[in-house]
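Each remark here refers to the structure printed beneath this line.
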Amino acid sequence: MKTIFGPLGLILAVTLLVNCNRARLEPNNPSNGQAQTLGRGEGPESLPPQGPKTPDIPRDRGPVPAPTDGVCKAANVKTTNNVKVLFVVDGSGSNFGANGSLPSDPAKEWRTSTLRQFITENVNKPNFFYGLTLFKGTTSVAKIKVNGEPGFSNDRAVVSEGFRSFLSTQDGGNTPYKAALRMAKNIIAADLEQHMNDNTTYAVVMVSDGHATDYKNAHDVIPDAASIKDLAPERITLNSVYYSAKKVDASAPQYLKSIANIGEGAFIVASTKQSLKLADVVRFSAVSCR
Numbered sequence: 000m001k002t003i004f005g006p007l008g009l010i011l012a013v014t015l016l017v018n019c020n021r022a023r024l025e026p027n028n029p030s031n032g033q034a035q036t037l038g039r040g041e042g043p044e045s046l047p048p049q050g051p052k053t054p055d056i057p058r059d060r061g062p063v064p065a066p067t068d069g070v071c072k073a074a075n076v077k078t079t080n081n082v083k084v085l086f087v088v089d090g091s092g093s094n095f096g097a098n099g100s101l102p103s104d105p106a107k108e109w110r111t112s113t114l115r116q117f118i119t120e121n122v123n124k125p126n127f128f129y130g131l132t133l134f135k136g137t138t139s140v141a142k143i144k145v146n147g148e149p150g151f152s153n154d155r156a157v158v159s160e161g162f163r164s165f166l167s168t169q170d171g172g173n174t175p176y177k178a179a180l181r182m183a184k185n186i187i188a189a190d191l192e193q194h195m196n197d198n199t200t201y202a203v204v205m206v207s208d209g210h211a212t213d214y215k216n217a218h219d220v221i222p223d224a225a226s227i228k229d230l231a232p233e234r235i236t237l238n239s240v241y242y243s244a245k246k247v248d249a250s251a252p253q254y255l256k257s258i259a260n261i262g263e264g265a266f267i268v269a270s271t272k273q274s275l276k277l278a279d280v281v282r283f284s285a286v287s288c289r
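Residue numbers (numbering that gives the first Met the number 0): 0 to 289.
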């Protein structure tokens, strides 16, 4: 008995008692380095209520843009800043059926009605201005002029005169996209210089029915399109419309598609047998949307 209850025996007895109490108090303590799952009756509903969970803190992804700013349709634009739309329109021979091809828009009816509808729908917006160019052969010519120079206007008389000049010009010749883009760039660059503090938004709307005749392939158009976008990257979009009176060859619209892609605008293929509402197509950047 003395051997059992000597000093060593007393230490062993105390150690055994402490371990037994710890086992009763910590039944779910992980063992062997492995996490234990809750047993039957030990689900979340059986646990005591806890305080509100601290939300996860997301990783910093940089500034978040305002939800009302960005790229939106013309019909939804809501801004007091000036909005300037430059129509860049094809006047090549394929419109009236050159070389025996099916005419796309022989009397300019589809092109004229499409552009005029856009202007009419925004007629009550005094901050909307318009420019108009016609490209054919080897050149591009401005039809809307301000003080004799290519530019933008919201004067109905000036805009109407531009359309009369457009209608009176005979379609014919090649399809000079390079010349068209160069003219568009010159017009916007000049306007930016004259109104550098206006924070104006620009939308180029290029409308064509054919292949470019001054580029070898659709990739070649990218540098010239990008040079327009780079004038004011956050405030310029390049939109494009390919129109036709027949089934469209898949390769035909690729030039216009490249322009819209680089210009972060809209691209659409349209039939001249149906009307097109440009206000639902054209995109504007750096504006508030309804």
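Ideal Cβ placement from N, Cα and C applies to all residues, glycine included.
Unbroken beta strand (DSSP E) run spanning residue i, endpoints
| i | result |
| --- | --- |
| A244 | Taken as a continuous stretch (DSSP letters only), A244 belongs to no beta strand (DSSP E), as it is neither H nor E. |
| E120 | Taken as a continuous stretch (DSSP letters only), E120 belongs to no beta strand (DSSP E), being part of the alpha helix (DSSP H) at 108-120. |
| F283 | 282-288 |
| K135 | 127-135 |
| D89 | 82-89 |
| A141 | 138-141 |
Nearest candidate by alpha-carbon position, reference residue i, set the options
| i | options | result |
| --- | --- | --- |
| N173 | Y241, V157, T212 | T212 |
| I261 | N80, S270, A224, Y176 | A224 |
| K107 | M205, A259, D170 | D170 |
| L255 | T113, K72, P175 | P175 |
| V204 | T137, Y129, A188 | Y129 |
| P232 | T168, D154, I187, D208 | I187 |
| D197 | C71, T78, K72 | T78 |
| K228 | G147, R181, E120, T119 | R181 |
| G209 | S250, Q193, T138 | S250 |
| R163 | A179, S112, H194 | S112 |
| V247 | T271, V158, C288, L114 | T271 |
| H194 | K72, N80, A74 | N80 |
| Y214 | S159, T168, Q253, E192 | Q253 |
| V220 | A202, S284, A179 | A179 |
| A217 | E192, A259, A202, L230 | A259 |
| T168 | A74, L114, V140 | V140 |
| S159 | K72, T119, V70 | T119 |
| E192 | A202, L230, P222 | L230 |
| T137 | S287, G92, A97, P125 | G92 |
| R115 | S274, S287, N94 | S274 |
| S125 | N146, V76, E148, A97 | Here residue 125 is Pro; the residue named in the question, Ser, does not match the sequence. Closest by alpha carbon: V76. |
For residue j and residue i, believed in contact at Cβ under 8 Å, the rounded distance
| i | j | result |
| --- | --- | --- |
| K322 | F165 | With the chain covering only 0 through 289, there is no way to say anything about residue 322. |
| V206 | R110 | 6 Å |
| V87 | T132 | 5 Å |
| V82 | T200 | 5 Å |
| F117 | N153 | In fact, because the Cβ distance is near 13 Å, the residues do not count as touching under 8 Å. |
| S226 | K177 | Going by Cβ atoms, the distance from S226 to K177 rounds to 11 Å, so no, they are not a contact pair. |
| Y241 | D104 | Their Cβ separation, rounded to whole angstroms, is 12 Å, which puts Y241 and D104 out of contact at 8 Å. |
| G161 | D190 | Not really, about 15 Å apart at Cβ, beyond 8 Å. |
| A74 | A278 | 4 Å |
| V286 | C71 | 6 Å |
Residue i, enclosing alpha helix (DSSP H) - first and last residue
| i | result |
| --- | --- |
| G161 | 155-167 |
| S270 | First-last for S270: 263-270, but that is the beta strand (DSSP E), not the alpha helix (DSSP H). |
Burial state of residue i, where buried means 16 or more other Cβ atoms lie within 10 Å
| i | result |
| --- | --- |
| G90 | buried |
| K276 | exposed |
| A156 | exposed |
| G264 | buried |
| K245 | exposed |
| K135 | buried |
| R234 | buried |
| L101 | exposed |
| I257 | The question names Ile, but residue 257 is Ser in the sequence shown. Buried, because 16 or more other Cβ atoms sit within 10 Å of the Cβ of S257. |
| S239 | buried |
| R289 | exposed |
| S284 | buried |
| N123 | exposed |
| N94 | buried |
| N98 | exposed |
| N146 | exposed |
Chain C contact for residue i (CB, 8 Å cutoff)
| i | result |
| --- | --- |
| I258 | Included in the structure is just one protein chain, with no chain C present. |
Distance cut-off 7 Å: residue i Cβ against heavy atoms of the ligand GTP
| i | result |
| --- | --- |
| S112 | In the structure on display, the ligand GTP does not appear, and there are no ligands present to speak of. |
* For the region 173-241, which segments carrying the alpha helix (DSSP H) assignment without a break, of at least 4 residues, lie completely within its bounds, in sequence order? -> 176-193, 221-228
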